[in-house]
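**Q** Take a look at this one; I'll ask things after.
Protein chains: 2
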Amino acid sequence: MTTTIEDTAKALKELGHPIRLTIFKRLVKSGIQGLAVGQLQKELQIPNSTLSHHISSLASASLIRQRREGTTLYCVVEYDRFMQVISFLQDECCIESPSPIS
Amino acid sequence: MTTTIEDTAKALKELGHPIRLTIFKRLVKSGIQGLAVGQLQKELQIPNSTLSHHISSLASASLIRQRREGTTLYCVVEYDRFMQVISFLQDECCIESPSPIS
DNA sequence: ACGCTATTTCCATAAACATAGAAATAAGAA
DNA sequence: TTCTTATTTCTATGTTTATGGAAATAGCGT
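Protein chains in written order, with the working numbering: chain A, 1 to 102; chain B, 1001 to 1102.
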C-alpha cells in the first residue's frame, strides 16, 4: 500500500492532539498485547466518553485497532502503519537537508 | 530545549492537513535557501490568502521560518525542529515494538 | 431474565479550523 | 510622491473538532 499525502496527513492530524498523542505513546510502550480502555482511563483520568472519542479518532486513522476479550476492549497500535508515517516524514527530511549531504 | 507532548502535538497537528503537508514536503526539498511564497503559490495554484494562512500555521508551530529579500518572502524549513519531531516519534516506535526486540 | 461491568454512541454545545475575497501593508522603482 | 509587485491581515462564513453527561450496547454471571 502506497502512503499518500492524504493518508499521512490524516494520521498526523489525529496524533496532533495532546491527549491522543499521550494515549498513542502509552500504547506504543504497551507492545502488541495492547492496553485495556479501562486501564487507559485509570491512567489518564479523563471522562469515559472523551476517551472513547479519542480512541475512535486514532482508530479512524488506522493508527490503532481494538481487540475484545469478554467485556474488556484492548487498544493495540498498528505498528506497520506507524512505521509508514515515520518513513514518509523521514523521506522528507533526508533530501537536500542542511546536513552533510547537501 | 526539551520536546514536550504539547509541542509535538502542535507540530503534528499543523502538518496534519493535506495542503500544509504538501507545502512542507516541497519546502524540505528546496533546502536551506527555501522557496518564495510566490513560487509556492504558482506550484500549488491556491488563493494567496489561503496559502498565507497555511504558511502562518506552519510558522506558528516553528516548523518553518520566513526570510525577506526585498518584496519577496522566502519560506525555509526549520530542520532542527523537524528532526526533533521525528525523533520524538521514533522514541515511541522503538520501545516494545513487535519487532525482534520484543 | 436480571444485574453488573466495560465501553461506545448519542446528543448538544462551544470552540476551533479552513477558506477566500477585499483591504492593508511591505518593499522597490520611477 | 506615485505606481507596482509581493504578501499579509481582516472579515465573514461554513465546516469540523473537542468535550462530556446521558442513554445505549456488549459481554458475562447468577
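Just so you know, even glycine gets a beta-carbon here, dropped at the ideal spot from N, CA and C.
If you follow the alpha helix (DSSP H) that B:Thr-1008 is in, where does it begin and where does it stop?
**A** Taken as a continuous stretch (DSSP letters only), the alpha helix (DSSP H) holding B:Thr-1008 covers 1005 to 1015.
**Q** Please classify A:His-17: is it buried, with 16 or more other beta-carbons within 10 angstroms of its beta-carbon, or exposed?
**A** Result: buried.
**Q** What's the gap between the Cα of B:Gln-1066 and the Cα of A:Val-77?
**A** The alpha-carbon atoms of B:Gln-1066 and A:Val-77 are separated by roughly 37 angstroms.
**Q** Under 9 angstroms, CB to CB, which of the residues in the region 1047 to 1060 of chain B have a partner in chain A?
**A** Of all residues in the region 1047 to 1060 of chain B, none has a Cβ within less than 9 angstroms of some Cβ in chain A.
**Q** I'd like the span of the beta strand (DSSP E) that includes A:Leu-73, first residue to last.
**A** Note, A:Leu-73: beta strand (DSSP E), 72 to 77.
**Q** Inspect the beta-carbon positions of B:Arg-1020 and B:Ser-1060 and report whether they are closer than 8 angstroms.
**A** Not a contact, by the Cβ cut-off of 8 angstroms.
**Q** Helix, strand or coil: which one does DSSP assign to B:Ser-1087?
**A** Helix.
**Q** Does the Cβ-Cβ distance between A:Arg-106 and A:Leu-12 come in under 8 angstroms?
**A** Outside the displayed range of chain A (1 to 102) lies residue 106 of chain A, so it cannot be described from this structure.
**Q** Tell me whether A:Ser-52 is buried or exposed, calling it buried when 16 or more other Cβ atoms sit within 10 Å of its Cβ.
**A** By the 10 Å Cβ count, A:Ser-52 comes out exposed.
**Q** Quick check: the Cα distance between A:Gln-33 and B:Thr-1071, rounded to an integer number of angstroms?
**A** So the alpha carbons of these two residues sit roughly 57 angstroms apart.
**Q** List the DSSP bridge partners of B:Arg-1065.
**A** In DSSP, B:Arg-1065 forms a bridge with B:Val-1076.
**Q** For the candidate residues A:Thr-8, A:Glu-92 and A:Ser-62, whose alpha-carbon lies nearest to that of A:Tyr-79?
**A** Closest by alpha carbon: A:Ser-62.
**Q** Less than 6 angstroms between C-beta atoms, sequence neighbours within five positions excluded: which residues of the same chain meet that for A:Val-28?
**A** The answer, listed in chain order, is Val-77.
**Q** Could you check the C-alpha separation between A:Ala-9 and B:Thr-1008 for me, to the nearest Å?
**A** Distance between the alpha carbons of A:Ala-9 and B:Thr-1008 is about 15 angstroms.
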